[in-house]
Every structure is written in C-alpha cells, then in structure tokens.
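Reading through the structure tokens given below for one structure.
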Amino acid sequence: MPDGLPVPLVQRRVADPGIITEAVLVFAGPLDPAALRDAAEAVCRAHEATRTTVDLDADRQTVHPYTPGAVCFAVCEAGRGGLLATLDERAGRPLDPARLPVFRVDAVTASRDRAAVHLALPHAVADYTSMEIVVGDLVTAYAGLTAGRPVRLAVPGLFTEHLRHRAALAADPAVWAPGGKGHRAAEFWADRLAGAAPPAFGRPRPGGTGPRTRVLAGTLEPEVSRRLAEVCREARCSPFHAAVAAFAEAVSAVTGEEDVTTMCVVHGRNDPEYARTVGMFIEEVPFRQRVRAGTRRAFLSSVAVHAFTGYVHAATPLALVAGHSPEVAAFASRWLTRGLFLQYRPQRYGAGLEDAVDGVRLSFPQEAHAMNAAVMPGVALFSVDHTTDVLTTDFRFDTRRWLPAEMDRLHTNFLDRLTDYALHPDAPVGPS
C-alpha cells in the first residue's frame with residue numbers, strides 16, 4: 001500500500017487496542033495444535049488484512065509481507081475456572097492495530113477431546129463479516145490438513161484495492177460534477193439531512209468515577225421474535241427495518257423529539273468482488289424519520305422506503321460526500337461528539353461447519369469474549385444481533401459521555417417497542 005494513504009474515519013473510531021473482532025470455536029474431539037497453526041498461517045497468507053497495521057500517528061495503514069511470525073499463536077491448558085473462563089482471560093488482552101502481529105489465535109485445551117480456540121483481529125482491520133470468512137477458511141484449511149489434503153484457499157479481492165478505489169472516487173472530478181453519482185449523493189443527503197441533529201440526550205458532569213464502559217444486554221422471547229419475523233414478511237421488509245423503527249420510537253420516547261435521525265452502521269460491501277475479502281468495509285448511513293404514523297405497519301413500511309432510497313446513494317460513502325457538501329459536513333461534525341450508533345448484525349460465523357472436520361464436532365458460541373472491557377471514548381453503540389432464532393441486544397456506552405439512567409430507559413424502550421411491532425403492529429406511532 002502506498003505511504004500516506006489516509007485511514008478512513010470509520011477505522012479511526014475503532015482503533016483502540018481493546019476493540020476486537022473475534023470468534024470462538026469449541027472442539028468436541030481431538031485438537032491438532034500443529035495443524036491449527038498451519039491452518040492459521042494459510043489464512044494469514046491468503047488475507048492481507050490479517051497482516052495489515054493501522055497507525056493513526058502516521059495516518060496510514062500498511063500491508064506487510066507474510067512471515068512465519070505474522071500469526072500470534074499460543075496453546076495452553078484450561079485453568080481452574082474451566083475452558084471458557086480461561087479463554088476469556090486470553091481473549092481480553094489488548095491487540096494493537098499499529099503493530100504486528102494483528103492476527104491472534106489462542107487454543108485452550110481442557111482434555112484430550114475438549115478444546116476451544118479464540119480468533120482475534122483488531123476491529124480497525126476487520127469487520128464482523130470478515131470473521132465469518134476467517135472462520136470458514138480456517139476450518140477448511142484445518143479439515144484438509146488433518147485429513148492429509150493440501151490447503152487451497154480461494155484468493156479474495158484485496159482490501160487495498162477497495163481503499164485505492166475509494167481514494168480514486170474521492171479525487172475524480174467527474175464523480176462530483178453535476179450528473180456524477182457523487183454529486184447526486186451530495187444533493188440527496190444535503191436535502192435529507194437539512195436541519196437534522198443527533199438526538200438530544202443529556203451528558204454527565206465531568207469527573208465521573210467507576211467503570212468507563214457499561215454494557216446492557218437483552219433478549220426478545222422466541223415467540224415474540226417469530227411473530228416479528230412474520231410481521232416483517234407481511235410488510236415485505238426485514239427485522240433490520242423493525243430495529244430501525246423501534247429504535248426511532250425509543251429515542252423519541254426518551255428525548256421527546258419527533259424528528260429522529262439514527263446513524264446506522266452497515267456492512268458497506270456493495271461490490272461483489274469483495275464479498276470474500278477480509279477488511280474493514282463498514283460505513284455509516286443516517287436514517288431520518290418523523291416518528292408518527294397511523295399504525296406501526298405503516299411506520300415500518302415508511303422506514304423500509306427511506307432505507308431503500310438511502311442505500312441507493314450509500315455506494316458513495318457519506319464521509320466522502322462530506323468533503324463536497326457543507327450541509328453534510330456540518331451534520332457529520334455534529335455527530336463526531338454525539339456518537340450514538342445502531343447496528344444490526346445477522347452474521348453468524350461457523351454456520352454449516354459443525355461437522356467439517358472428521359472426528360470432531362464443532363460449535364461456535366457467538367457471545368463476546370474480547371470486547372467486555374473495551375472502551376470506545378464518547379460512543380454509544382446499540383447492537384441488535386440476529387444470529388439465532390431470537391433477537392438479542394448488546395448496548396455499550398461510555399459512562400463519561402452518556403447518562404446511564406437515560407441509556408437504561410433507551411434500552412428498555414427499544415425492547416418494549418420491538419415487542420410492540422411483533423404483538424401490536426396496528427397500534428399508532430407517536431405521542432399518546
């Protein structure tokens with residue numbers, strides 16, 4: 001990668017060494033550490049992001065050539081707390097995106113037929129979809145190696161090519177001239193975001209004490225999750241749209257605002273060439289809604305239409321549009337210090353790979369292990385996970401920036417409103 005290529009803002013936001021993209025593989029059957037190491041090295045050779053550093057001080061990221069030390073690999077025995085407790089201890093260590101190695105593989109053995117493996121990459125170099133790819137390739141390589149077959153991993157599109165394309169897009173005058181897609185995106189977002197502001201939540205007084213990060217978790221009951229999926233199918237939309245709609249209602253209930261803008265974190269893989277590329281493709285897309293409708297079904301349909309029109313222009317990243325639109329730049333600037341984000345994660349790594357290795361039954365628990373102590377300064381990140389038959393929430397926020405009582409209310413309101421979309425879809429939306 002050429003020196004001086006800037007690091008996109010979305011990567012800057014998650015460059016703290018405690019912010020990690022992770023996966024866990026549990027082995028019911030024998031673990032071959034040597035084959036696991038070889039499989040990890042094969043993944044590292046195939047995917048340049050697993051040997052990419054992001055240096056904010058130098059304002060650049062660099063792809064390093066593969067060397068045998070490019071993977072941080074370790075094997076240990078489970079301690080007194082058991083397999084997953086020991087794994088948590090290993091997983092919680094920081095992982096600096098500015099220094100190699102950035103790809104970490106920790107194996108913990110409890111017995112001859114019981115082991116777990118934790119995979120970690122800095123979030124600055126890999127998003128959640130990336131971990132699906134890494135897990136798939138690691139299991140494929142390990143299965144081949146333990147069966148005596150050569151490792152053949154498909155060569156993916158390069159993340160550096162994506163970044164070069166992004167840089168070229170920003171610098172191409174034709175893109176931003178009248179009629180160009182950048183110019184059309186700038187006009188669209190300037191109109192959509194005129195007068196928009198982040199939700200008016202309060203902020204704590206300076207000098208707070210106690211844990212910097214607080215995490216709230218919730219679960220939608222299986223029957224409620226099933227009914228919500230039915231309502232979404234009837235409305236020809238997805239649970240993502242229900243999450244955006246319920247979040248807008250929850251924000252409105254807590255702040256009293258009817259004009260609500262929600263900044264959503266989306267996967268950003270618009271080009272099929274990069275469908276199997278490990279990298280940080282996440283983009284930020286704002287959804288602005290007037291939180292009022294005759295029924296929740298109607299509001300859900302309105303959200304889906306707004307999402308579709310927004311995605312039409314999302315191929316031109318909002319961060320690039322801000323460089324060509326004062327209105328969008330002003331909106332982005334306001335959001336820098338009031339960073340409340342919603343993300344919907346349907347990704348489930350390891351799906352279909354449970355019996356990929358002869359003589360071993362694999363399972364893939366989706367719970368967080370590395371991120372429990374992570375600090376995202378100033379940020380509140382509301383994640384809705386749809387990796388099983390039920391929806392779960394993971395809401396983490398900086399207690400120095402956000403009032404815990406307000407965030408508690410927001411989380412509770414969200415779960416209540418999401419339940420209402422499932423059970424009371426014909427009720428009105430708006431002030432009682």
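For the sequence shown, full-length UniProt numbering gives the first residue as 1, with consecutive numbering after it.
The beta-carbon is built from N, C-alpha and C at its ideal position, and this holds for glycine as well.
Inclusion of Ala-322 and Ala-332 in the CB contact set at 7 Å is warranted, their separation being smaller than that value. Distance from the Cα of Gly-350 is smallest, within the candidate group Gly-81, Gln-11, Phe-395 and Phe-27, for Phe-27.
Around the beta carbon of Phe-308, fewer than 16 other beta carbons lie within 10 angstroms, which makes this residue exposed. If you look at Arg-297, you'll find it in the alpha helix (DSSP H) that goes 296-314. The beta carbon of Ala-185 is closer than 6 Å to those of His-313, Thr-316 and Val-321 in its chain, skipping five residues each way along the sequence.
Here Ala-200 is exposed: its Cβ has fewer than 16 other Cβ atoms, across all protein chains shown, within 10 Å. Per DSSP, the beta-bridge partners of Cys-76 are Val-108. Between the stretch 349-365 and the stretch 212-230 there are fewer than three C-beta pairs closer than 8 Å, too few to call the two in contact. Contact between the stretch 98-105 and the stretch 36-52 is present: 3 or more CB-CB pairs across the two stretches fall below 8 Å. In the displayed model, Ser-130 falls within a helix according to three-state DSSP. In the three-state DSSP reduction, Gln-289 falls in the strand class (E or B). Per DSSP, Ser-333 is one residue of the alpha helix (DSSP H) stretching across 326-336.
From the listed residues Gly-352, Phe-240, Ala-380 and Gly-208, the smallest Cα separation to Glu-132 is found for Gly-352. Close CB contacts of Val-215 within its chain, under the 8 Å cut and outside five residues either way in sequence, are with Asn-372, Asp-394, Phe-395 and Arg-396 (chain order).
Straight-line measurement puts the Cα of Asp-426 at about 42 Å from the Cα of Arg-12. Shown here for Leu-95: same chain residues with a beta carbon closer than 7 Å to its own, the five before and five after excluded, namely Pro-17, Ile-20, Val-102, Arg-104, Ala-120 and Pro-122 in chain order. Here Gln-61 is not near Val-71, since their CB atoms are 7 Å or more apart. Counted as a single uninterrupted DSSP element, the alpha helix (DSSP H) harbouring Pro-33 occupies residues 33-46. Less than 7 Å divides the Cβ of Val-63 from the Cβ of Glu-48. Ranked by Cα distance from Leu-138, the first of Leu-153, Arg-409 and Val-305 is Leu-153.
Sequence-distant partners of Ala-170 (beyond 5 residues in either direction) whose C-beta falls short of 6 Å from its own C-beta, in its chain, are Leu-320. Pro-206 and Asp-398 have their C-alpha atoms spaced approximately 13 Å apart. Scanning its chain for C-beta atoms nearer than 7 Å, with the 5 sequence neighbours on each side dropped, one finds around Ala-147 the residues Asp-358, in chain order. Cβ neighbours of Phe-73 within its own chain (closer than 7 Å, five residues either side excluded): Arg-37, Ala-40 and Val-105.
Going by C-alpha positions, Ser-325 is about 17 Å away from Leu-9. Contact between Ala-235 and Val-384 is absent: CB atoms are separated by about 17 Å, not below the 8 Å threshold.
Taking the CA atoms as reference points, Ala-245 sits about 7 Å from Phe-299. Partner residues in the beta bridge of Gln-343, as assigned by DSSP, are Val-265 and Ser-383.
Under DSSP, Ser-252 forms no beta bridge with any residue. For Gln-11, the enclosing alpha helix (DSSP H) starts and ends at 9-13. Taking C-beta atoms under 8 Å as the contact rule, Leu-391 and Leu-220 qualify, at a distance of about 4 Å.
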